[in-house]
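Working notes for the structure below.
Number of protein chains: 2
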Amino acid sequence: MKNTIPFLFAINKTNAVLSRRLSGHGLDFSDFTILYHLNAAPEGKLRRIDLADKLGLTASGITRMLLPLEKLHIVERDASDDDARARYASLTPAGKTLLQDATATIEMKTEDFFPETSEDELAKFIKLLDEINK
Amino acid sequence: MKNTIPFLFAINKTNAVLSRRLSGHGLDFSDFTILYHLNAAPEGKLRRIDLADKLGLTASGITRMLLPLEKLHIVERDASDDDARARYASLTPAGKTLLQDATATIEMKTEDFFPETSEDELAKFIKLLDEINK
DNA sequence: GCGATATACTTGATATATCAATTAATTAAA
DNA sequence: TTTAATTAATTGATATATCAAGTATATCGC
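Listed in order, the protein sequences are those of chains A and B.
The numbering used here puts the first sequence at residues -2 to 131.
The numbering used here puts the second sequence at residues -2 to 131.
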C-alpha cells in the first residue's frame, strides 16, 4: 500500500503557505489565478463555470470571488451569444495591466522555489496532480 | 526561467479538489490532518503552535479549528508544565477511534490516486513540497 | 413538439482562515 | 535585575468557500 497520506498533507500545507506568501498588488493567489486563466483563454474570456473548473472551485465560489474583482473593474462580465444561462468573465484593460505587474512579482517571489528540480520533473509532477484533479 | 506558475496552479487546484472530496465521519480533511498529527506526535500531544506549523496555518487558525473538535470531545486541551503560555492538544479516546475510522475511509478513497507513480517518485515530490514549506 | 433532466448561475446560511491587536509568560540584554 | 524584545495563544473584524435551494435556460428522449 502506497503512503499517500503524507503526500496529501504536504500538498495541503504548501497550499496554505503559498496562499499566505504569494499575495500582492491587492490580489491574493486565487485572484491572480483567475486573472491568469482569463488572459490565457481563447479570446481572453471564459464562462464562469469553466473558470471554476480551472481552479477546482464550485460555481458558487467563482461568483463570490469575481464580485470584488468586478466591483474594482478588473474583470468584466458579458452575456453569451449562444447560451442565455452562461456569463463570460474577461479582463478589463486595467485588469491586464494589473496581471502583468502581479505576474512579475510572483515570478520574482517564486524564482528560487525549486533550485534543484528540472523542468522535466516539474512537468511530471504537474501531470501527477492533474491526474488527481480529473 | 522555470515554468513554476502552472505548477503552483496545479497544487492550488488539487488542494481545492481534495478538500471537497476527502471529508467524512463529520471531519473535513484539515480536521483529519490535525487528528493524524496529534496521534503521531511523541506522547500523543502537540503544542498548538507546533500543530499550526504542521498544517502551515497561523496560530489563530488552529485556535479556531480546534474549537469544534474540543466541543465534541475529540480533542482535549492541557496546560504545559514548563511553559505557562503554551497549551497542548491531544486526542481523547473518542478522538482515537474516530481517527482510525477516518483513516480507513481516506485510504480507501485515495487508493487509486497514483496508479503509475512509484513510492520513490512520491517521496521525491514530498521533499520538493517540503522545500517550499520551509 | 413536450415533459423530464441536466446545466449555469446566484443567494442564504454557515464554516474556515486571515490579519491586527491584545494578554500573558518567557528569554535576552544592559 | 529590571527593562525590552520575543513567543504562545486568543479574540474582533473581515474575507473566502462550501452546500443546499432556487431561477432560468438548454438538451434529451420519445
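Glycine included, every Cβ here is placed at the ideal spot set by N, Cα and C.
Alpha carbon of residue i to alpha carbon of residue j, nearest angstrom
| i | j | result |
| --- | --- | --- |
| R74(A) | R17(B) | 27 Å |
| Y33(A) | P39(B) | 44 Å |
| M62(A) | G23(B) | 27 Å |
| T94(A) | L88(A) | 9 Å |
| K68(A) | L35(A) | 17 Å |
| F111(B) | G53(B) | 24 Å |
| F29(A) | D78(B) | 45 Å |
| T102(B) | L96(B) | 10 Å |
| D109(B) | G92(A) | 40 Å |
| T1(A) | L125(A) | 13 Å |
| T55(A) | G41(B) | 37 Å |
| F26(B) | T107(B) | 12 Å |
| R44(A) | R82(B) | 51 Å |
| A76(B) | R84(B) | 5 Å |
| K121(B) | T114(B) | 11 Å |
| P65(A) | I46(A) | 18 Å |
| H70(A) | A99(A) | 16 Å |
| A37(A) | D50(A) | 15 Å |
| E104(B) | F4(A) | 12 Å |
| L119(B) | I59(A) | 31 Å |
| V72(A) | F6(A) | 33 Å |
| S20(A) | S57(B) | 19 Å |
| K(-1)(B) | D117(A) | 10 Å |
| D80(B) | L48(A) | 48 Å |
| P90(A) | I31(A) | 15 Å |
| A86(A) | L15(A) | 25 Å |
| I123(A) | I123(B) | 13 Å |
Interface residues of chain B facing residue i [CB-CB closer than 8 Å]
| i | result |
| --- | --- |
| A38(A) | Here the premise fails: no neighbours, minimum Cβ distance about 14 Å. |
| D127(A) | A7 |
Under 7 Å from the C-beta of residue i: neighbouring residues of chain B
| i | result |
| --- | --- |
| I46(A) | Ordered by position in chain B, no residue passes the 7 Å Cβ test against I46(A), which lies about 15 Å from the chain. |
Interface residues of chain A facing residue i [CB-CB closer than 7 Å]
| i | result |
| --- | --- |
| V138(B) | Nothing about residue 138(B) can be read from this structure; chain B reaches only from -2 to 131. |
| T114(B) | L125 |
| T30(B) | F6, N9 |
Proximal residues of chain A, C-beta to C-beta of residue i below 8 Å
| i | result |
| --- | --- |
| K10(B) | K51, L52, G53, L126, N130 |
Neighbouring residues, chain B, relative to residue i (Cβ below 9 Å)
| i | result |
| --- | --- |
| T1(A) | I103, E104, T107, E108, F110, F111, L119 |
Extent of the continuous beta strand (DSSP E) to which residue i belongs
| i | result |
| --- | --- |
| R84(B) | 84 to 88 |
| A76(A) | 72 to 76 |
Start-to-end residues for the alpha helix (DSSP H) that takes in residue i
| i | result |
| --- | --- |
| K42(B) | K42(B) -> not in any alpha helix (DSSP H); beta strand (DSSP E) instead, spanning 42 to 44. |
| A120(B) | 116 to 130 |
| G58(B) | 56 to 68 |
Quick one: any contact between the stretch 4 to 11 of chain B and the stretch 119 to 130 of chain A, if contact means 3 or more CB pairs under 8 Å? Look at the beta carbons and you see the stretch 4 to 11 of chain B touching the stretch 119 to 130 of chain A: at least three pairs across the two are nearer than 8 Å.
Whole alpha helix (DSSP H) runs in the stretch -1 to 31 of chain B with 4 or more residues, listed along the chain? Secondary structure within the stretch -1 to 31 of chain B: the alpha helix (DSSP H) runs of 4 or more consecutive residues, fully enclosed, are 1 to 18 (chain order).
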